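Numbering (the working numbering), first residue to last: 3 to 237.
In this text, a Cβ means the ideal position worked out from N, Cα and C, and glycines have one as well.
Note that the structure is predicted; figures quoted are calculated from it, not measured.
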């Protein structure tokens, strides 16, 4: 496992500390023809050798080659609309390559996914987009009314959906570690940030809409957490 950590450390230093805004801009403009892409690749290889050790030069070379291909592909195909998607895909692919090389070198045995782990992953997945869609459908009638009155136009695009996903994931995690008080703190913190919306008398409809959505979001997360903890306790 320490070797994998070294791979990841080299990647983090190379990708997030040894690149400047100017070099990134040049790569975005020139793509495969950018000298900075090749400099970054060489630096990445050197970091892997320095941190992981010269005896792992073959692994470092394989990771570096894939790093170059992934970065070049990202530069070639990304644009302003999909830049965020490509950033996360780029990092995920780098991680997959490092894990695969590490697993091959260390001969990691086949990992059996336990039923509890599978259930936990399923619950977390449910609490992201599926739960957001469920709440959206449940509140769609009122949501249309809010849009007609121009209330929802003040918000950042999709910000409410991302906030909901994060809060449900946090609530689920708090339940797993038995920190019910933290759930109350999270709800109180959200109420404070929403205080301006909730205290305007003319926005009574918005107040009720926010409260229903918040309670549904927390309720789904609590329900999923309780079901999982009950399921986990059976093993």
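Cutoff 8 Å; reference residue 37; Cβ partners in own chain excluding five residues on either side = Numbered from its first residue, the chain shown carries residue 37 at position 35. 28, listed in sequence order.
Count the CB pairs spanning the segment 122-130 and the segment 77-90 that are closer than 8 Å, and state whether there are at least three.
-> no
Are there 16 or more other CB atoms within 10 angstroms of the CB of residue 211, so buried, or fewer, so exposed?
-> Indexing the chain shown from 1 puts residue 211 at position 209. With 16 or more Cβ atoms within 10 Å of its Cβ, residue 211 is classed as buried.
How about the segment 46-55 and the segment 93-104: do they share at least three Cβ pairs that are nearer than 8 Å?
-> no
Alpha helix (DSSP H) segments (min. 4 residues) lying fully within the segment 20-49 = 23-32
Out of curiosity, what's the CA-to-CA distance linking residue 2 and residue 16?
-> This structure leaves residue 2 out entirely; the chain is present only between 3 and 237.
Can you list, in chain order, the residues of its chain whose CB lies under 7 Å from that of residue 170, leaving out five sequence neighbours each side?
-> Residue 170 sits at position 168 when you count from the first residue of the chain shown. The answer, listed in chain order, is 129, 133, 219, 222 and 223.
Excluding five sequence neighbours on each side, which residues of the same chain lie with their C-beta closer than 7 Å to the C-beta of residue 30?
-> Numbered from its first residue, the chain shown carries residue 30 at position 28. Cβ-Cβ distances below 7 Å link residue 30 to 77 in the same chain, with the five nearest sequence neighbours on each side left out; the list follows chain order.
Rounded distance between the beta-carbons of residue 176 and residue 165, thought under 8 Å | In the chain shown, residue 165 corresponds to position 163, counting from 1. In the chain shown, residue 176 corresponds to position 174, counting from 1. 16 Å between Cβ atoms; not a contact.
For the alpha helix (DSSP H) holding residue 110, just list the boundary residues, first then last.
-> Position 108 of the chain shown, counted from the start, is the residue given in the question as residue 110. Unbroken run through residue 110: none, as it is neither H nor E.
Contacts around residue 181, its chain only, beta-carbon distance under 8 Å, and the 5 residues preceding and following it disregarded = Indexing the chain shown from 1 puts residue 181 at position 179. Sequence-distant Cβ neighbours of residue 181 in its own chain, meaning closer than 8 Å and more than five residues away, do not exist here.
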